[in-house]
Amino acid sequence: MAATIKDVARLAEVSISTVSRVINDSKPVSPEVRRRVLDAIEELGYKPNEVARSLVTKKSNLIGIIVTDIGNSYIAQMVRGIEEVGRMYNYDIILSSSYGDVETEKKFAELLRSKQVEGIILISEIINEEVIEQIKSFKIPFMYLNKYYNNLNLPSVSIDHYEAGLRMTNYIIELGHKNILYLTAKDDEETSLEKYKIDGYKEAVKGLEQGKEFIYSANGFSIEDGYEAGDSVVNIIRENNITAVFCCQDEIAIGLVNYCYDNNIKVPEDISICGYGDTKIASIYRPKLTTIKEPYYDIGAVAIRKIIKQLDDDEVEKANTYLPIQIMKRESCKKIQ
Numbered sequence: 000m001a002a003t004i005k006d007v008a009r010l011a012e013v014s015i016s017t018v019s020r021v022i023n024d025s026k027p028v029s030p031e032v033r034r035r036v037l038d039a040i041e042e043l044g045y046k047p048n049e050v051a052r053s054l055v056t057k058k059s060n061l062i063g064i065i066v067t068d069i070g071n072s073y074i075a076q077m078v079r080g081i082e083e084v085g086r087m088y089n090y091d092i093i094l095s096s097s098y099g100d101v102e103t104e105k106k107f108a109e110l111l112r113s114k115q116v117e118g119i120i121l122i123s124e125i126i127n128e129e130v131i132e133q134i135k136s137f138k139i140p141f142m143y144l145n146k147y148y149n150n151l152n153l154p155s156v157s158i159d160h161y162e163a164g165l166r167m168t169n170y171i172i173e174l175g176h177k178n179i180l181y182l183t184a185k186d187d188e189e190t191s192l193e194k195y196k197i198d199g200y201k202e203a204v205k206g207l208e209q210g211k212e213f214i215y216s217a218n219g220f221s222i223e224d225g226y227e228a229g230d231s232v233v234n235i236i237r238e239n240n241i242t243a244v245f246c247c248q249d250e251i252a253i254g255l256v257n258y259c260y261d262n263n264i265k266v267p268e269d270i271s272i273c274g275y276g277d278t279k280i281a282s283i284y285r286p287k288l289t290t291i292k293e294p295y296y297d298i299g300a301v302a303i304r305k306i307i308k309q310l311d312d313d314e315v316e317k318a319n320t321y322l323p324i325q326i327m328k329r330e331s332c333k334k335i336q
């Protein structure tokens, strides 16, 4: 039979409340008494009841995470950052995958509250105002991470997408490209992050002699969407002497590279293609993809650190945190004269 707090108190020759004070570090206890209690805990192999303990201390040391799909490599990197930094501060995580279903996100939010989590991180690929309002009503620290959309009323961690779009386009210009197509998706949606990237692209091409913008929208952000946009993109390339395509996501870029391969168009010899995100496939695909790096591990790590800081300081950080921007210069873009 497992040892109880009464067994510890009896062996240490102290009261149950004194054992509780030592375990929860709630009130001062003399060094001699503390040593006797800790020795008794070790001798008996006593494990405190974490649920009961959390009721006393009002701390569960749990952070809840709702993700779209842990099978997505970039989400797995975020979760790893959350988990490893959380462990440094003695926080465990409860992880749930919603697979993009609105009702499932709401159900998991309630589940996390029932588990008395101290904060929640929502990693989503959709806009679900209901679940956002639901989590906000819990009155606990909340971080919102979304690769495709923003919510300006919630604290988040990301890179500056306007600055990233500007820098990548300027890099392509430095390689000698003068006619650059920006391949986007869902740019007509109000909360889409694409608006910032496109503004950065537009600002950069203003400096070109012609200063002409070429923008085409795919149906979505997947590899299949990039492939399906191939016919239209190639027509734009041929009609406007395009030499480089800046894709809004790595997946779209990979899809377009596949289309080019199937249609005897060489990358980067015939057309340079770059992406955005630096997901795992960007560096293992051939040619290796030039891309903007979104530091997914760091995004997760900073997100949970902001939550822990709020728990320690009892202050809500409303401002977004922007991480450094890095261009991964690889094989899919070439210098031209």
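With numbering that gives the first Met the number 0 applied, the sequence shown corresponds to residues 0 to 336, in that order. Glycine is no exception: its CB is placed at the ideal position from the N, C-alpha and C atoms. Note that the coordinates shown come from a computational prediction; the quantities given were computed from them, not determined experimentally.
Asked: List, from N- to C-terminal side, the beta strand (DSSP E) runs of 3 residues or more that fit wholly inside the segment 138–163.; Found: 141–145
Asked: Helix or strand or just coil, what does DSSP make of Gly-274?; Found: strand
Asked: Between Ala-243, Leu-310, Glu-41, which lies nearest to Thr-290 when the distance is taken from Cα to Cα?; Found: Ala-243
Asked: Following the continuous beta strand (DSSP E) through Phe-107, name the residue where it begins and the one where it ends.; Found: Unbroken run through Phe-107 is the alpha helix (DSSP H), 101–113; no beta strand (DSSP E).
Asked: Between Phe-213 and Leu-111, what straight-line distance do the alpha-carbon atoms span, to the nearest angstrom?; Found: 46 Å
Asked: Can you round the beta-carbon distance between Glu-82 and Ile-69 to whole angstroms, since I take them to be within the 8 Å contact cut?; Found: Not quite, the Cβ-Cβ distance comes to about 11 Å (not below 8 Å), so this is no contact.
Asked: Which first and last residues belong to the alpha helix (DSSP H) in which Ser-14 is found?; Found: Here Ser-14 belongs to no alpha helix (DSSP H), and DSSP marks it neither H nor E.
Asked: What does a CB cutoff of less than 8 Å around Ile-270 pick up in its chain, not counting 5 residues either side in sequence?; Found: Ile-236, Ile-241, Thr-242, Ala-243, Val-244, Cys-259, Ile-264
Asked: If you run the structure through DSSP and keep just helix, strand and coil, what is Thr-168?; Found: helix
Asked: Indicate the three-state DSSP secondary structure (helix, strand or coil) for Leu-54 in the structure shown.; Found: Because the pLDDT of Leu-54 is 47, which lies under 50, any placement of that residue in the model is unreliable, and the number read from its coordinates should be weighed accordingly. Residue state, collapsed to three classes: helix.
Asked: How would you write the range of the beta strand (DSSP E) that Val-66 sits in, first residue to last?; Found: 61–66
Asked: In three-state terms, what does DSSP make of Leu-192?; Found: coil
Asked: Measuring straight from C-alpha to C-alpha, what distance separates Ser-97 and Thr-17?; Found: 44 Å
Asked: Skipping 5 residues on each side, what residues in its chain have a beta carbon closer than 6 Å to that of Tyr-161?; Found: Tyr-195, Asp-198, Gly-199
Asked: Which same chain residues end up closer than 8 Å to Ile-222 when comparing Cβ atoms and leaving out the 5 residues on each side of it in sequence?; Found: Glu-250, Ile-251, Ile-253, Gly-254, Asn-257
Asked: If you draw a straight line from the alpha carbon of Thr-3 to that of Phe-107, how long is it in whole angstroms?; Found: 33 Å
Asked: How would you label Met-87, buried or exposed, when you count the other beta carbons within 10 angstroms and need 16 or more for buried?; Found: exposed
Asked: Starting from Asp-261, trace the alpha helix (DSSP H) both ways and give me its first and last residue.; Found: 249–261
Asked: Give me the Cα-Cα distance between Val-66 and Leu-10, rounded to the nearest whole angstrom.; Found: 46 Å
Asked: Give the range of the beta strand (DSSP E) segment to which Val-266 is assigned.; Found: No beta strand (DSSP E) contains Val-266, which DSSP labels as neither H nor E.
Asked: For a test of the three-state rule: what should DSSP assign to Lys-334, helix, strand or coil?; Found: coil
Asked: Compare the C-alpha of Ile-272 against each of Lys-305, Ile-179, Glu-227 and name the closest.; Found: Ile-179
Asked: My output table needs one value for Leu-322: the three-state DSSP class, helix, strand or coil.; Found: coil
Asked: Taking Cβ to Cβ, would you say Asp-186 is nearer than 8 Å to Ser-216?; Found: yes
Asked: Which partner residues does Asp-91 have in the DSSP bridge list?; Found: Leu-61
Asked: Can you tell which of Lys-26, Cys-247, Asn-234 has the C-alpha that lies nearest to the C-alpha of Asp-224?; Found: Cys-247
Asked: Rounded C-beta distance between Ile-324 and Asp-100? I'm assuming under 8 Å.; Found: Going by Cβ atoms, the distance from Ile-324 to Asp-100 rounds to 33 Å, so no, they are not a contact pair.
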